[in-house]
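Enquirer: The sequence shown runs -18 to 199 under our numbering.
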Amino acid sequence: MTLDLAPIQDKPAIDYVPILDSLFNHLLRFSDPFTPNGFLHVFSDWVFEEWSTRPYYRVQRLHSEFELAHFPIRTDYLLKEMQPVYRDFIHSYNGRHHFSPVAVNGTNCETMEKELYDFFHESMRAEGLEYLEIHFPFLDVEDFWDRVFLEEFHEADEILLVDRLCQYFGFYGQALDPYLCDPPEIETLNPSLFADWYLDDFKESTHSNFTLNRIENV
-18 MTLDLAPIQD
-8 KPAIDYVPIL
2 DSLFNHLLRF
12 SDPFTPNGFL
22 HVFSDWVFEE
32 WSTRPYYRVQ
42 RLHSEFELAH
52 FPIRTDYLLK
62 EMQPVYRDFI
72 HSYNGRHHFS
82 PVAVNGTNCE
92 TMEKELYDFF
102 HESMRAEGLE
112 YLEIHFPFLD
122 VEDFWDRVFL
132 EEFHEADEIL
142 LVDRLCQYFG
152 FYGQALDPYL
162 CDPPEIETLN
172 PSLFADWYLD
182 DFKESTHSNF
192 TLNRIENV
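1. Can you tell me whether ALA156 is buried or exposed? The criterion is at least 16 other CB atoms within 10 Å of its CB, across all chains shown.
2. So what does DSSP say about GLY109, is it helix, strand or coil?
3. If you measure between the beta carbons of PRO65 and TYR179, is that distance less than 9 Å?
4. Whole alpha helix (DSSP H) runs in the region 152 to 186 with 4 or more residues, listed along the chain?
5. Along the chain, where does the alpha helix (DSSP H) that runs through SER211 open and close?
6. Rounding to the nearest angstrom, what Cα-Cα distance links ARG195 and ARG42 in this structure?
7. What residue range is occupied by the uninterrupted alpha helix (DSSP H) comprising GLU133?
8. When we look at the beta-carbon of TYR74 and count the other beta-carbons within 10 Å, is it buried (16 or more) or exposed?
9. Determine which residues share a DSSP beta bridge with LEU59 and list them.
10. Please report whether the beta-carbon of GLY151 lies at a distance below 9 Å from any beta-carbon of chain D.
11. What's the call for PHE70, buried or exposed, on a 16-neighbour Cβ count within 10 Å?
12. Let me know the secondary structure DSSP gives GLN64 once reduced to three states.
13. Identify, in the order they occur along the chain, each residue of the same chain with its Cβ nearer than 6 Å to the Cβ of TYR58, setting aside the five sequence neighbours on each side.
14. In this structure, how does DSSP classify PHE52 when only helix, strand and coil are distinguished?
15. Report buried or exposed for MET93, applying the criterion of at least 16 other Cβ atoms within 10 angstroms of its Cβ.
16. Would the region 146 to 153 and the region -3 to 5 be scored as touching if the rule is three or more Cβ pairs under 8 Å?
17. Quick test of the definition: if touching needs 3 or more C-beta pairs under 8 Å, does the region 178 to 193 touch the region 12 to 21?
18. Which of the three DSSP states, helix, strand or coil, is assigned to ARG145?
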């Protein structure tokens, strides 16, 4: 008795270009501060929590013959007591410091802007994974996401889209730009959307029905 075994067929190759393009467009919409129920609400929750509860740090500067070092010193105050508007909050110190690549500086202190960059990238990851699971259920979505940000694609069209995803939604992604602002000591003719917001403004913007008016915020 013989068995007729059907030949094993290879799975059809996946065209990743429309998936990458769809993911990019979705995250671009989600990250836009004017998109209803987009990243603005997640961002506002984060700002309100961090600004309300974080301690305020001052900076101690130590001079030596060879370097200028900066160290954060925790105070008994909270950020909300010392930093009146978002511009002050986002450029306040987070309590960590690191070695500086600049020769004259031994260490520099990190600001809350660094925390926001990390939070933004993780938020884009969470939103991206949920979107991929819903619209492309045949994917291993976590593996796919990791491949994007490890840039493990090789076709020209794929590489172009992966570069855009990394540029906008990776660490220090450009899509975060509307949520940033210059430090208080820098005068600017084009202040950011949130530079002069108070803590209560962010509390209001956490409500699900809150949206920004694009005309009022030009």
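Glycine included, every Cβ here is placed at the ideal spot set by N, Cα and C.
Expert: A quick look at the data gives this:
1. Flag for ALA156 reads buried.
2. Helix, per DSSP.
3. Their beta carbons are under 9 Å apart, which means PRO65 touches TYR179 by this criterion.
4. Within the region 152 to 186, the runs of alpha helix (DSSP H) that reach at least 4 residues and sit entirely inside it are, in chain order, 180 to 186.
5. Given that the chain is displayed from residue -18 to residue 199, the structure contains no residue 211 and the question cannot be resolved.
6. Going by the C-alpha atoms only, they are around 42 Å apart.
7. GLU133 -> no alpha helix (DSSP H), and no H or E assigned at all.
8. So TYR74 ends up on the buried side.
9. Per DSSP, PRO36.
10. You won't find chain D in this structure, because it holds only one protein chain.
11. Per the 10 Å Cβ criterion, buried.
12. Collapsing the DSSP output to three states places GLN64 in coil.
13. Excluding its 5 nearest sequence neighbours in each direction, TYR58 has C-beta neighbours in its own chain below 6 Å: TYR37, listed in chain order.
14. If DSSP states are grouped into helix, strand and coil, PHE52 belongs with the strands.
15. The residue is buried, with at least 16 neighbouring Cβ atoms inside 10 Å.
16. Segment contact: the region 146 to 153 against the region -3 to 5, three or more CB-CB distances shorter than 8 Å; contact assigned.
17. The count of Cβ pairs closer than 8 Å, one atom from the region 178 to 193 and one from the region 12 to 21, reaches three, so the stretches are in contact.
18. Helix.
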